[in-house]
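Following our numbering, the residues of the sequence shown are numbered contiguously, the last one being 370.
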Amino acid sequence: MPGLLRTVASRVAPALRGHTIIQRASLQTRPARERIGPVETVVALTMFSLALLGPSGWILAHLEDYKKKERTACFSRKASKMRLVILDDYELASEWAAKYIRNRIVQFQPSAERYFTLGLPTGSTPYGCYQKLIEYYRNGDISFKYVKTFNMDEYVGLPRAHPESYHSYMWNNFFKYIDINPTNAHILDGNAEDLEAECQAYEQKIAGAGGIELFVGGIGPDGHIAFNEPGSSLVSRTRVKTLAKDTIVANARFFGNDLSKVPTMALTVGVGTVMDAKEVMILITGAHKAFALYKAIEEGVNHMWTVSAFQQHPRTIFVCDEDATLELRVKTVKYFKGLMHVHNKLVDPVHSIKDQ
15 MPGLLRTVAS RVAPALRGHT IIQRASLQTR PARERIGPVE TVVALTMFSL ALLGPSGWIL
75 AHLEDYKKKE RTACFSRKAS KMRLVILDDY ELASEWAAKY IRNRIVQFQP SAERYFTLGL
135 PTGSTPYGCY QKLIEYYRNG DISFKYVKTF NMDEYVGLPR AHPESYHSYM WNNFFKYIDI
195 NPTNAHILDG NAEDLEAECQ AYEQKIAGAG GIELFVGGIG PDGHIAFNEP GSSLVSRTRV
255 KTLAKDTIVA NARFFGNDLS KVPTMALTVG VGTVMDAKEV MILITGAHKA FALYKAIEEG
315 VNHMWTVSAF QQHPRTIFVC DEDATLELRV KTVKYFKGLM HVHNKLVDPV HSIKDQ
C-alpha cells in the first residue's frame with residue numbers, strides 16, 4: 015500500500031499543484047514501516063481515481079472554479095474594513111465614539127437638502143457618548159439641525175411617558191439637550207394599533223431618508239444587538255419580537271425587580287436593517303461583555319451571537335474598553351492596539367462646524 019500511495023502522489027500532485035485543497039491536505043506518503051489502515055486505503059483509491067481523470071476532467075474543472083471563487087472571496091475580505099478600537103476605560107471609549115460621530119456629521123456637511131441619518135441605541139453603554147455629544151453641541155462644535163435619527167427598538171405596550179420607555183430615555187438623556195427637530199427623531203411606536211404596519215412603515219422611513227449613514231449600536235452579554243436575541247435571523251428586518259425569558263429577567267432591575275411589570279414584547283430593527291447601513295459602530299464595554307466581543311471578533315458568524323454578523327459588513331468599527339478584551343487572545347489585542355495610530359487619525363484632528 016505505501017507503494018500505491020507514492021504512485022498516486024506522483025500522478026495527482028503535478029495536476030493539482032498549487033491548488034488550495036491540495037496544499038492544505040499536505041499530500042505526503044508515509045514510510046513503509048507505518049501501518050496503513052482501511053481509511054487510508056479508501057483515500058488512496060479515491061485519489062487514484064482523480065489521477066485517472068486527468069487535468070481536463072470534470073472534477074478538476076470544478077476545482078478550478080472553486081479556486082476562482084476563493085480568490086473572489088479573498089478580494090472581498092480585503093475590501094472590507096473591520097476595526098477594533100481599544101481604549102483604556104469606559105470614559106475614553108465613550109469620548110472616542112463621540113468624536114467619531116462628530117467628525118462624520120461635520121465632514122458630511124448636512125443641509126436642508128441633504129440630511130445625515132444616524133442610527134442610535136439606548137442603554138447604559140451609549141450614555142457616556144451622548145453626554146460628550148451634548149458637550150460638543152453646547153460648545154458650538156456640532157449641530158443636529160439637519161440630522162435624522164432612527165432608534166433601534168422600543169417596548170410594546172409601555173406608555174411613551176413611562177420612565178423606562180426608550181422614548182423617555184432618548185429625550186431625557188440626549189434629544190432635549192441638542193437642536194434636533196423632534197420630527198426628525200424617529201423611534202418605533204410600541205403602542206401603535208397595528209404593530210406589523212408600524213414596523214413596515216419604519217423600514218420605509220429609513221429608505222425614504224436615503225438609508226442610514228452611521229448606525230451606532232450596543233450589545234448585551236449574550237451578543238444581542240437591539241432586541242435581536244440569540245437565534246435571530248441575520249437577515250431579519252424591523253419586526254415585533256417576543257422577548258426571551260433571560261431578557262425579561264435581566265430587565266427586571268429597571269422595573270423594581272417585579273417580573274410582572276416587565277414588557278414581554280418589543281419592536282426592533284432587524285440585523286439586516288442594521289447591516290444595510292453604510293457604516294456600523296458598535297460600543298462594547300465591561301468585562302461582562304468580554305465573551306460576546308470574543309465571539310464577535312475571533313469566531314465565525316453565528317446566529318446565536320448576532321453581533322458576529324458584523325464581521326461581514328464592509329465598514330464596521332468595534333469600540334471597546336480594556337475590560338471588554340479579557341477573553342480575546344493576547345496576540346489579537348496586541349495586533350489591534352498596534353493599529354491605534356491609524357484608528358486615531360479618524361478622530362484626530364476632531365472637526366468643528368466653527369471651521370466651516
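Note that beta-carbon positions come from the ideal geometry of N, C-alpha and C, so glycine has one too.
Determine the burial state of residue i: buried for a count of at least 16 other Cβ atoms within 10 Å of its Cβ, exposed for fewer.
i, result
"PHE378", "With the chain represented from 15 up to 370, any question about residue 378 goes unanswered, as that position is not in the structure."
"ALA221", "exposed"
"MET318", "exposed"
"GLY314", "exposed"
"LYS113", "buried"
"MET354", "exposed"
"ASP290", "buried"
"TYR216", "buried"
"GLY224", "exposed"
"ARG343", "exposed"
"PRO328", "exposed"
"GLU207", "exposed"
"TYR335", "Reading off the sequence, residue 335 comes out as Asp, not Tyr. By the 10 Å Cβ count, ASP335 comes out buried."
"LYS162", "buried"
"TYR349", "exposed"
"GLY210", "Rather than Gly, the amino acid found at residue 210 in this sequence is Glu. That one is exposed."
"ALA338", "buried"
"LYS303", "buried"
"LYS255", "buried"
"PRO375", "The structure shown does not extend to residue 375, since the chain is modelled only from 15 to 370, so the question has no answer here."
"GLY352", "exposed"
"THR131", "buried"
"GLY133", "buried"
"GLY204", "buried"
"LEU101", "buried"
According to DSSP, is residue i part of a helix, a strand, or is it coil?
i, result
"VAL230", "strand"
"ARG38", "With a pLDDT of only 41 at ARG38, under the threshold of 50, the placement of this residue in the model should not be trusted; the figure read from the coordinates follows. In the structure shown, ARG38 sits in a helix (DSSP, three-state: H, G or I)."
"ASP103", "coil"
"ASP369", "helix"
"ASP335", "strand"
"VAL364", "coil"
"ASN358", "helix"
"VAL249", "coil"
"GLU341", "coil"
"GLU207", "coil"
"ALA221", "helix"
"VAL56", "In this prediction, VAL56 has a pLDDT of 49, which is less than 50 and means its spatial position is unreliable; what the coordinates show is noted afterwards. Residue state, collapsed to three classes: helix."
"GLY352", "coil"
So what does residue i bridge to, in DSSP terms?
i, result
"LEU257", "In DSSP, LEU257 forms no bridge with anything."
"THR330", "MET96 and VAL294"
"ILE239", "ILE233 and ASN242"
Checklist line | Complete beta strand (DSSP E) runs within the segment 268-322 (minimum length 3 residues, chain order) | finding: Given a length threshold of 3 residues, each whole run of the beta strand (DSSP E) inside the segment 268-322 is given here in chain order: 279-282 and 293-298.
Item checked: 3 or more residues per run - each beta strand (DSSP E) lying fully within the segment 116-200 -> Runs of the beta strand (DSSP E) lying entirely within the segment 116-200, each at least 3 residues long, are 130-134, 161-165 and 167-169 in chain order.
Notebook entry, point to check: Would you say the segment 97-114 touches the segment 251-270, given that touching needs at least three Cβ pairs under 8 Å?
Noted result: As far as the Cβ criterion goes, the segment 97-114 does not touch the segment 251-270, which means the pair count is below three.
Checklist line | Three-pair Cβ contact test at 8 Å for the segment 131-144 versus the segment 232-240 | finding: As far as the Cβ criterion goes, the segment 131-144 touches the segment 232-240, which means the pair count is three or higher.
Check: With contact counted as at least three CB pairs below 8 Å, one residue from each stretch, are the segment 298-310 and the segment 182-191 in contact?
Finding: Verdict: no, contact absent.
Checklist line | Contact the segment 280-299 vs the segment 162-181: 3+ CB pairs below 8 Å | finding: Contact holds: three or more Cβ-Cβ distances are below 8 Å.
Check: For the 8 Å Cβ check, are there 3 or more pairs between the segment 236-253 and the segment 284-303?
Finding: With the rule of 3 Cβ pairs closer than 8 Å, the segment 236-253 counts as touching the segment 284-303.
Note to self: Count Cβ pairs between the segment 190-202 and the segment 150-160 that sit closer than 8 Å; are there 3 or more?
What the structure shows: Output reads yes: the segment 150-160 touches the segment 190-202.
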